[in-house]
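Engineer:
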Amino acid sequence: MPKFLIEREIPDADKLSTQELQEISQKSCSILQQMGPQIQWVQSYVTGDKVYCVYIAPNEELIREHAQQGGFPANRISEIKSVIDPTTAEG
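In this note's numbering, each residue's number is its place in the sequence shown (first place is 1) plus 109.
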């Protein structure tokens, strides 16, 4: 199943409180539960004005549907083609 990286432009994302992040996460999980097991949220990274999310889904359209239902921006969606880390250098 393909993995996607979603870039969400959210001004002052790094200033969101723990409670605000929890509420956003709960809303996302609730929508995902309704959409079924074919779309899964793996992890998100909060930076200054952006949140980068990793999702598993059969296609980009399902990612966009989740964003629309949740009212979340999905400014850029890229399919992850490969994952590398320091162990990749070991050959």
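Built from N, CA and C at the ideal position, the CB exists for glycine as well. These figures come from a predicted structure and were not determined experimentally.
Suppose the cutoff is 7 Å on Cβ atoms and the five residues either side in sequence are ignored; what does the same chain contact list for residue 156 look like?
Structural biologist: So the list reads 122 and 123, once near-sequence residues are dropped.
Engineer: Give the secondary structure of residue 141 by DSSP, where H, G and I count as helix, E and B as strand, and everything else as coil.
Structural biologist: Residue 141 falls in the helix class under three-state DSSP.
Engineer: Would you say residue 152 and residue 160 are within 7 Å of each other, going by their C-beta atoms?
Structural biologist: No. Outside cutoff.
Engineer: Output the boundary residues of the alpha helix (DSSP H) element that contains residue 177.
Structural biologist: Where residue 177 is concerned, the enclosing alpha helix (DSSP H) stretches over 169 to 179.
Engineer: One question on the structure: do residue 140 and residue 179 come within less than 7 Å of each other, judged by their Cβ atoms?
Structural biologist: Yes, the Cβ-Cβ distance between residue 140 and residue 179 is below 7 Å.
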